[in-house]
Amino acid sequence: MKHDLVIRGGTLATASETFAADIGIRDGRIVTLGEDLSGEDVIDATGKLVLPGGIEAHCHIAQESGMGLMTADDYESGSISAAFGGNSCFVPFAAQKKGQSVADTLATYDGRAAPKSVIDYSYHLILTDPNPSVLEELPGVFDRGITSFKVFMTYATRVSDAQFLDILAVAQRHGGLTMVHAENHDMLTYMATKLAEGGYVEPRYHAPARPALAEEEAINRAISLARLVDAPLMIVHVSTPGGASLVSKARHEGAYVFGETCPQYLFLTREDLNRPGMEGAKYICSPPVRDAATQAVLWRHIAAGTFSVVSSDHAPYRYDETGKFASGRDVDFRKIANGMPGIEMRLPMMFSEGVVKGRIGLNQFVALSSTNAARLYGMHPKKGTLAIGADADIAIWDPTETRVAGKMHDAMDYNPFDGMEITGWPVTVLTRGRRVIDRGELVAKPGDGAFVARGRTDLTGLTGTRLPETDPATNFGAEIL
Ligand code: URP
Ligand code: ZN
Ligand code: ZN
Ligand code: ZN
């Protein structure tokens, strides 16, 4: 068998196995796993870990926020930073503006992504205005391989419960997954208003303005809405023990419910919001960072399988007038852009603090960073594993390299994880057999990444929770779903 490229001598790990083998690649795909393979081009991976390339499933790239603010990263800097962090593929958001058609929304993001991305990409479609004509467009969205939506329960971009149900029902019919930002909007508004009235406006008050209870209420409601129509649901950026328990309980009951958490909830606390001056603004994200006890509980939920993915929620707004302070330097916390970067830090942090420190196993790391995202977002087994026929999306890691985190390759002027000592870094990253990062150097060009048409969500292991009220056998024959 002729190979364009062979990765020789490494230790391979998938979501289920770890073994020594060479990988033979032809036409961008893995065609051989074996011993003593030869090829026109060879990468020596002796002493290295060879993993499926990471899939970053939650990041904001070339996207306007709910406040209308453009992220600092476009598809060039965003994809480059993702690749340096061990990712071969990412799925940012295409955000519908109110009144905008889905066709127009997707055309806008195609224009932003196609010429610039160095890694493969797709989008989750954020729906902010699911009016009847938009709902009619959605089947066509599945046909072009976009099989996940996102909705907000807070911000100006929020949808009502009725609109949320309409979206869940469409996704259910087409085998797609709806992601939700779950926080109770009125509880947040009440708290923020009371705090501001009392003169409590510094960045630190972002934390009390967004109580854990507001997340838990919204997660409970989101799960209830999804169960009503038996639709798959992904609760993104779960930041509370109560929220994680709700996800876990729903999964144990068979509901098509998935959870995601993010490094900021594992590595930062509200003490970071309390830094002097306006420095706390760097740590404003929503839901807010919590406390050390929460971190410990979230790690246990990661180890126990409550969370299918750990994503960065990379939302890059610089610590200047283009980002955090777009509404001025001397503003209250309500006007400071929400979000922090992390697309390049996610996998090294999870490897170092998870695998090296023994909180999770290597195979679980692969599942959380790549395989589960591929399954949930309809890219498996083309992406997310090392198997014959899969795309050669591969990250080669040096598990012993230790570095202190500093400036990353994104367009940001700060790194919230600055100064962390991290052991284990990706050194070479391939997308479809093509080197994107080669021994720490960028070699791919903008536009080398390709759009990935995605398929149905893999619901293996869950049964769904059809209610007696929607089951024709027990609701006097009414066909509802
Ligand atoms: O604070 C955050 N996470 N901003 C990004 C938008 C979102 O909520 O996902
Ligand atoms: Zn269809
Ligand atoms: Zn969110
Ligand atoms: Zn987000």
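Numbers given in the working numbering equal positions in the sequence shown, counted from 1, plus 178.
Note that the Cβ used here is the ideal one computed from N, Cα and C, for glycine as well.
Computed from a prediction, not measured in an experiment: that's the story for all the values here.
Give the range of the alpha helix (DSSP H) segment to which E375 is assigned.
Within the sequence shown, residue 375 is the residue found at index 197, counting from 1. In the DSSP assignment, E375 falls within the unbroken alpha helix (DSSP H) covering H363 to E375.
Report the CB separation of S311 from R388 in whole angstroms; it is logged as a contact under 8 Å.
Walking along the sequence shown from the start, residue 311 turns up at place 133. Walking along the sequence shown from the start, residue 388 turns up at place 210. The Cβ separation is near 34 Å, so there is no contact.
Between H359 and ligand 3, is there a pair consisting of the residue's CB and a ligand heavy atom that are separated by less than 7 Å?
Within the sequence shown, the letter at position 181 stands for residue 359. Yes, the Cβ of H359 comes within 7 Å of a heavy atom of ligand 3.
Taking all protein chains shown into account, do 16 or more other C-beta atoms lie within 10 angstroms of the C-beta of N653, making it buried, or fewer, making it exposed?
Taking the first residue of the sequence shown as position 1, residue 653 is located at position 475. By the C-beta density criterion, N653 is exposed, having fewer than 16 other C-beta atoms within 10 angstroms.
Do R524 and P441 have their C-beta atoms closer together than 8 Å?
Against the sequence shown, residue 524 aligns to sequence position 346. Against the sequence shown, residue 441 aligns to sequence position 263. Cβ distance < 8 Å, so R524 and P441 count as in contact.
Completely contained beta strand (DSSP E) runs for the stretch 415-456, where each covers 3 or more residues
Whole beta strand (DSSP E) segments, 3+ residues: 435-439.
Should L391 go down as buried or exposed, given a rule of 16 or more other Cβ atoms within 10 Å for buried?
Residue mapping note: residue 391 aligns to position 213 of the sequence shown, counting from 1. Looking at its Cβ environment, which holds fewer than 16 other Cβ atoms inside 10 Å, L391 is exposed.
In this structure, what does DSSP give as the bridge partners for W575?
Taking the sequence shown and counting its residues from 1, one reaches residue 575 at position 397. DSSP links W575 through a beta bridge to L227 and P604.
Any idea if I566 is buried or exposed, counting beta-carbon neighbours within 10 angstroms, 16 or more meaning buried?
As a working note, residue 566 is residue 388 in the sequence shown. So I566 ends up on the exposed side.
According to DSSP, is H352 part of a helix, a strand, or is it coil?
Translated into the one-based positions of the sequence shown, residue 352 becomes position 174. In this structure, H352 counts as helix in the three-state DSSP scheme.
Return the residue from the list A360, D344, I462 and Y443 that minimises the CA-CA distance to R382.
Taking the first residue of the sequence shown as 1, we reach residue 382 at position 204. The shortest C-alpha to C-alpha distance from R382 to any of A360, D344, I462 and Y443 is the one to I462.
From D200 to D339, what does the alpha carbon distance come to, in whole angstroms?
Counting from one through the sequence shown, the residue named residue 200 turns up at place 22. Counting from one through the sequence shown, the residue named residue 339 turns up at place 161. Taking the straight line from one Cα to the other gives about 51 Å.
If you measure from each residue's Cβ to the nearest non-hydrogen atom of ligand 4, which ones come out under 6 Å, in chain order?
Working through the chain, the matches are H236, H238, D491 and A493.
Examine ligand 3 and report whether any of its heavy atoms sits within less than 7 Å of the Cβ of S326.
The residue labelled residue 326 in the question sits at position 148 within the sequence shown. Checking the Cβ of S326 against ligand 3 gives no.
Residue burial classification, D288 (beta-carbon count within 10 angstroms, cutoff 16):
Sequence index remark: in the sequence shown, residue 288 carries index 110 (1-based). Exposed, since its Cβ has fewer than 16 Cβ neighbours within 10 Å.
Which of the three DSSP states is assigned to K460 in this structure?
Within the sequence shown, the letter at position 282 stands for residue 460. Secondary structure of K460 (DSSP, three-state): helix.
Is the stretch 246-264 in contact with the stretch 311-327, if contact means three or more CB pairs nearer than 8 Å?
No contact exists between the stretch 246-264 and the stretch 311-327.
For ligand 3, is there any heavy atom lying closer than 7 Å to the beta carbon of H363?
The sequence position of residue 363 within the sequence shown is 185, counting from 1. H363 Cβ: outside cutoff for every heavy atom of ligand 3.
Would the stretch 620-633 count as touching the stretch 289-296 if we require 3 or more Cβ pairs under 8 Å?
Counting Cβ pairs under 8 Å, three or more are found: they touch.
CB contact flag (A349, L355, <8 Å):
By 1-based counting over the sequence shown, the position of residue 349 is 171. By 1-based counting over the sequence shown, the position of residue 355 is 177. In this structure, A349 lies near L355, with their beta-carbon atoms less than 8 Å apart.
Under the criterion of a Cβ to heavy atom distance below 7 Å, does V414 qualify as lining ligand 3?
For the purposes of this step, residue 414 is taken as the residue at position 236 of the sequence shown. Yes, the Cβ of V414 comes within 7 Å of a heavy atom of ligand 3.
Measure the alpha-carbon distance for V534 versus G353 and round it to whole angstroms.
For this step, residue 534 is matched to residue 356 along the sequence shown. For this step, residue 353 is matched to residue 175 along the sequence shown. If I take the Cα positions, the gap works out to 37 Å.
Under the DSSP definition of a beta bridge, which residues are partnered with V582?
Position 404 of the sequence shown, counted from the start, is the residue given in the question as residue 582. Per DSSP, E599.
What are the boundary residues of the beta strand (DSSP E) that M523 is part of?
Counting from one through the sequence shown, the residue named residue 523 turns up at place 345. First-last for M523: undefined, no H or E at that position.
Nearest to G231 by CA position, among T283, G206, S548 and I413, is which residue?
By 1-based counting over the sequence shown, the position of residue 231 is 53. Checking every option, the nearest Cα to that of G231 belongs to S548.
On the criterion of 16 or more Cβ atoms from any shown chain inside 10 Å, does K460 qualify as buried, or is it exposed?
To locate residue 460, count along the sequence shown from 1; it is residue 282. Label assigned to K460: buried.
Jot down the residue ranges of each uninterrupted alpha helix (DSSP H) in the stretch 307-336, minimum 4 residues, whole runs only, in chain order.
With a minimum length of 4 residues, the unbroken runs of alpha helix (DSSP H) contained wholly in the stretch 307-336 fall at 310-321.
Compute the minimum distance between the beta carbon of G256 and the heavy atoms of ligand 5, and state whether it is under 7 Å.
Because ligand 5 does not appear in the structure shown, any question about it cannot be addressed here, the ligands present being ligand 1, ligand 2, ligand 3 and ligand 4.
Report yes if the C-beta of N593 is less than 7 Å from at least one heavy atom of ligand 1; otherwise report no.
On the sequence shown, position 415 is the one that residue 593 refers to. No, the Cβ of N593 stays beyond 7 Å of every heavy atom of ligand 1.
Could you tell me how far apart the beta carbons of H479 and S426 are, in whole angstroms, since I believe they sit closer than 8 Å?
Here residue 479 refers to the residue found at position 301 of the sequence shown. Here residue 426 refers to the residue found at position 248 of the sequence shown. Between S426 and H479 the Cβ distance is about 7 Å, and since that is below 8 Å, they are a contact.
Do D450 and V467 count as a contact pair if the criterion is CB distance below 8 Å?
In the sequence shown, the residue the question calls residue 467 occupies position 289. In the sequence shown, the residue the question calls residue 450 occupies position 272. Contact flag set, yes.
Three-state class that DSSP yields for R632 in the structure shown:
Your numbering for residue 632 matches position 454 in the sequence shown. The three-state reading of DSSP puts R632 in coil, since its state is none of H, G, I, E or B.
For a test of your reading of the model: does the CB of G517 fall under 7 Å from any non-hydrogen atom of ligand 1? Yes or no.
Working through the sequence shown from its first residue, we reach residue 517 at position 339. Answer for G517: yes, Cβ within range of ligand 1.
Once DSSP output is grouped into helix, strand and coil, what is the label at L247?
To locate residue 247, count along the sequence shown from 1; it is residue 69. It is coil, neither helix nor strand.
Contact check, I574 vs G188 under 8 Å by CB: the rounded distance?
Counting from one through the sequence shown, the residue named residue 574 turns up at place 396. Counting from one through the sequence shown, the residue named residue 188 turns up at place 10. Taking 8 Å as the upper bound for CB-CB distance, I574 and G188 are in contact here, some 7 Å apart.
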